[in-house]
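Protein chains in written order, with the numbering used here: chain X, 64 to 164; chain R, 64 to 164.
Even glycine gets a Cβ: it sits at the ideal position worked out from N, Cα and C.
Predicted model only: the values in this text are computed from it and were never measured.
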DNA sequence: ATCTATTATCGCAAATATACGATAGGTTTA
DNA sequence: TAAACCTATCGTATATTTGCGATAATAGAT
């Protein structure tokens, strides 16, 4: 990417909303989150069984959702229990709701 | 991208939501849409003046928003007036609202 | 200490996305 | 017809994303 300008500064809300949207911008990640909404929580392995994707790929999607703050992982050795991050979920919900008027 | 499986089939809502989210997944596009919400409509040139981006770059972002169905262009020669596509806007609004519960 | 189970990370390949300048296209005006 | 105006598209460069298999890491069980 050629950038003549180091970085465009947007309003904080704009950046935050875009980051959430980007994390939601893949059907697998939407499906993962829908799954988490139903089950409330689940393990990586459960998701690997649900989707016809390699374990590493599922793990990567989970990482992105975690980085975006939409989910969080809790150690339940030897597994990891993933749940929706309620605080950021509410934030995302309100940002989208405000955005759409 | 290596795909062992041609294509994963998700629920239609999931695909649609992901497509909207992907279109919203860039701060410039969020900012463009916010601008359109305020102004109700505007021309490409107006946006080029607002953002420190090349005309071709702005045009490309507009194209993506148009492809996603979030905006529509109306010919007002020699300009093009872009407005929010109200029908899809409502659809996106409700998909996001339902998704976030 | 070793083995097992589970998940994350690394390294790679291919596809997409982002940005730019240059150019083409379409419409009005001169 | 030609010139001017506005916008889209092309070509290109670089960055990011998506996916896989292989490997590392972590914690409990043997």
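Secondary structure of residue 74 of chain X (DSSP, three-state): coil. For the C-beta of residue 85 of chain X, the chain R residues within less than 7 angstroms are, from N- to C-terminus, 88. Around the C-beta of residue 115 of chain R, fewer than 16 other C-beta atoms lie within 10 Å, and the residue is accordingly described as exposed. In the displayed model, residue 136 of chain X falls within a strand according to three-state DSSP. Note on geometry: alpha-carbon atoms of residue 117 of chain X and residue 99 of chain R lie some 41 angstroms from one another.
Against chain X, the CB of residue 164 of chain R has a partner CB under 9 angstroms away; the residue lies at that interface. Leaving aside the five residues that flank residue 79 of chain R on each side, the residues in its chain whose CB is nearer than 8 angstroms to its CB run, in chain order, 154, 158. Taking a contact to require three or more Cβ pairs closer than 8 angstroms, the segment 100 to 109 of chain R and the segment 133 to 150 of chain X do not qualify as touching. By the neighbour-count criterion, in which 16 or more other beta carbons inside 10 Å mark a residue as buried, residue 121 of chain R falls on the buried side. Given a length threshold of 4 residues, each whole run of the alpha helix (DSSP H) inside the segment 138 to 163 of chain X is given here in chain order: 149 to 162. Here residue 106 of chain R carries a strand assignment [DSSP, helix/strand/coil]. With respect to chain R, the C-beta atom of residue 73 of chain X has a partner C-beta closer than 9 angstroms. Residue nearest to residue 138 of chain X within the set X:75, X:88, X:105, X:131 is X:105 (criterion: CA-CA distance).
The alpha-carbon separation between residue 82 of chain R and residue 127 of chain X amounts to approximately 17 angstroms.
When the beta-carbon positions are compared, residue 133 of chain R and residue 151 of chain R come within less than 9 angstroms of each other.
Contact between residue 94 of chain X and residue 73 of chain R is confirmed by a C-beta separation of about 6 angstroms, below the 8 angstroms threshold.
Nearest CB-CB separation between residue 129 of chain X and chain R: not below the 9 angstroms threshold.
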